[in-house]
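Going by the working numbering, the letters in the sequence shown line up with residues 542 to 782, in that order.
Where is the CB? At the ideal position from N, CA and C, for every residue including glycine.
One structure is given below, encoded as structure tokens.
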Amino acid sequence: MHCNMYDYLGAHTGEHDGIQGTRFAVWAPNAKRVSVICDKNNWTPAQNDLHGSNEGIWSGFVPGVKVGDTYKYAIEAQDGRVLQKADPYAFYAEEAPKTASIVYELDHYQWNDGGWMDYRRNCNWMSQPISIYEIHLASWKRPKDGRKYFNYRELAVDLLEYVREMGYTHIELMPITEHPFDGSWGYQTTGYFAPTCRFGTPDDFRFFVDTFHQAGIGVIVDWVPAHFPTDAHSLGQFDGT
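The structure is reproduced here in structure tokens:
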């Protein structure tokens, strides 16, 4: 099991032969051909082909692609179909109805929850009372200014106040990994490494978790590996199989 595979797969900015750009890598073992489609190549398949390996990983460097740029993979299946897929290892995605992944780096946030992490590591949870508040962030509270959702940072303030007042030790978030349908509870994941953009950026989500940890409140996140959605850009039939 590769616990840090997201450091290798996905999109990571960097330099190659003195040129700035982004390195892409995706696992598509049954694909005939994989390329990156993005604004830099006018979303044209086969302009920036990736190189396949015996392990089924396709990788390559695309010059000029930077943080904030949108992209997908054009995956040619064995039967000739060309599927345009979002990146399963992306950290950030466009808000629906758009479906592209967004290049994003995670090296800027400064965590301040060291005290909580030490406590969590050393605590005997079998001898401690636990009270968990399960919540669906999209429907817990609605903005009154016309927006669909509060930002993670706004929710961190209001929700934390409520949770502390009620005496909970933990919150459990119904799925907040990226998913396609606004009306769902989030149980059809399109990206396991991307907190949904509905409530902000990955750094906004880290602020949310950090805020609760600093207050001594644990954060549990629902994880849904059981099934994939069938939306065209999603994980179902990812490489044609």
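Which residue or residues does DSSP assign as beta-bridge partners of Gln729? In the sequence shown, residue 729 corresponds to position 188, counting from 1. Beta-bridge pairing links Gln729 to no other residue.
Given a cut-off of 8 Å, decide if Asp628 and Ser642 are closer than it, judged by their beta-carbon atoms. Taking the sequence shown and counting its residues from 1, one reaches residue 642 at position 101. Taking the sequence shown and counting its residues from 1, one reaches residue 628 at position 87. In contact: Ser642 and Asp628 (Cβ atoms closer than 8 Å).
On the DSSP letters alone, give me the boundaries of the alpha helix (DSSP H) that Arg683 sits inside. As a first step, residue 683 must be located in the sequence shown, where it is residue number 142. Judged by DSSP secondary structure, Arg683 falls outside any alpha helix (DSSP H); it is assigned neither H nor E.
Rounded straight-line distance, which links the Cα of Asn692 to that of Gly741: Translated into positions along the sequence shown, residue 741 becomes position 200. Translated into positions along the sequence shown, residue 692 becomes position 151. In a straight line, the C-alpha of Gly741 is about 6 Å away from that of Asn692.
What's the C-alpha gap between Ile673 and Asp751? Start at 1 with the first residue of the sequence shown, and residue 673 comes out as number 132. Start at 1 with the first residue of the sequence shown, and residue 751 comes out as number 210. Straight-line Cα distance between these residues: approximately 18 Å.
Straight-line Cα distance separating Gly777 from Thr585: Your numbering for residue 585 matches position 44 in the sequence shown. Your numbering for residue 777 matches position 236 in the sequence shown. Thr585 and Gly777 have their C-alpha atoms some 22 Å from each other.
Do you know how far the Cα of Asp686 is from the Cα of Glu695? Within the sequence shown, numbered from 1, the residue matching residue 695 stands at position 154. Within the sequence shown, numbered from 1, the residue matching residue 686 stands at position 145. When rounded, the distance between both Cα atoms is 14 Å.
Does the beta-carbon distance from Asp659 to Lys682 come in below 8 Å? As a working mapping, residue 659 is identified with position 118 in the sequence shown. As a working mapping, residue 682 is identified with position 141 in the sequence shown. Not closer than 8 Å, so no.
When DSSP labels each residue in this structure, what does Trp666 get in the three-state scheme? Numbered from its first residue, the sequence shown carries residue 666 at position 125. Note: Trp666 maps to helix in three-state DSSP.
Which ranges does the beta strand (DSSP E) cover as unbroken runs of at least 3 residues, wholly within the stretch 569-596, from first to last along the chain? Within the stretch 569-596, the beta strand (DSSP E) runs of at least 3 residues that lie entirely inside it are, in chain order, 574-579.
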